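Numbering-wise (our numbering), the sequence shown opens with residue 53 and increments by one.
Worksheet: one structure, shown below.
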Amino acid sequence: MTEDGLVILVVEDNESNLELTVFLLEEAGVVTVTARDADEMRERLRELTPDLVLMDIQLPGSDGLVLTREIHEDPRTSSLPVVALTAHAMRGDRERFLAAGCSGYISKPIDIAGFVDQVFSFLPGRGGDRPARAR
Ligand code: MN
53 MTEDGLVILV VEDNESNLEL TVFLLEEAGV VTVTARDADE MRERLRELTP DLVLMDIQLP
113 GSDGLVLTRE IHEDPRTSSL PVVALTAHAM RGDRERFLAA GCSGYISKPI DIAGFVDQVF
173 SFLPGRGGDR PARAR
């Protein structure tokens, strides 16, 4: 599956996760932009509006869910789909992520074979009957 013309912002401070994520997305024809912390994320979002944000939950000095709310408070990015990346999905987390405005989450370690389809399923107009954003 390839998806040309898409731009995805990956916010992730773990270098190997970031590299793997970027590799898999670019192999599928997606253009990626990256940020390793909140300031870089804000900088990227000033430069461009991506089609989707992949948001690590634990970032240096920041909570990915707080950043998700920040993105949606800005009228320019209020409808941007944000998908949480989490290494520690526990009971109740999905509800917590949805309440923060995430479209859903993807568990780490990344499922290499299924990752790109997981990401694409969160894009508006794709992913069958799944709502683009569950708020
Ligand atoms: Mn992290």
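Glycine included, C-beta positions come from ideal geometry on N, C-alpha and C.
Because the structure is a prediction, the values reported are computed rather than measured.
The ligand MN heavy atom lying under 7 Å from the CB of residue i
i: Asp163; result: no
i: Gln170; result: no
Burial state of residue i, where buried means 16 or more other Cβ atoms lie within 10 Å
i: Asp181; result: Caution is warranted here: a pLDDT of 41 is assigned to Asp181, below 50, making its placement in the model unreliable, and no coordinate value can be reported.
i: Glu95; result: exposed
i: Met107; result: buried
i: Ser68; result: exposed
i: Pro183; result: At Pro183, the pLDDT of 41 sits below 50, so the modelled position is not reliable; the number obtained from the coordinates is stated separately. Result: exposed.
Residue i and residue j closer than 8 Å at C-beta
i: Thr73; j: Val62; result: yes
i: Val85; j: Leu58; result: no
i: Val168; j: Ala87; result: no
i: Ile60; j: Asp103; result: yes
i: Ala90; j: Leu111; result: yes
Any chain C beta carbon closer than 8 Å to residue i
i: Ala87; result: Of the protein chains in this structure there is only one, and it is not chain C.
Inter-stretch contact (C-beta, 8 Å, three-pair minimum) for the segment 132-144 and the segment 152-167:
yes
Count the CB pairs spanning the segment 116-124 and the segment 160-168 that are closer than 8 Å, and state whether there are at least three.
no
With distances taken from each beta carbon to the nearest heavy atom of the ligand MN, which residues come in below 6 Å, in chain order?
Asp65, Asn66, Asp108, Gln110 and Leu111
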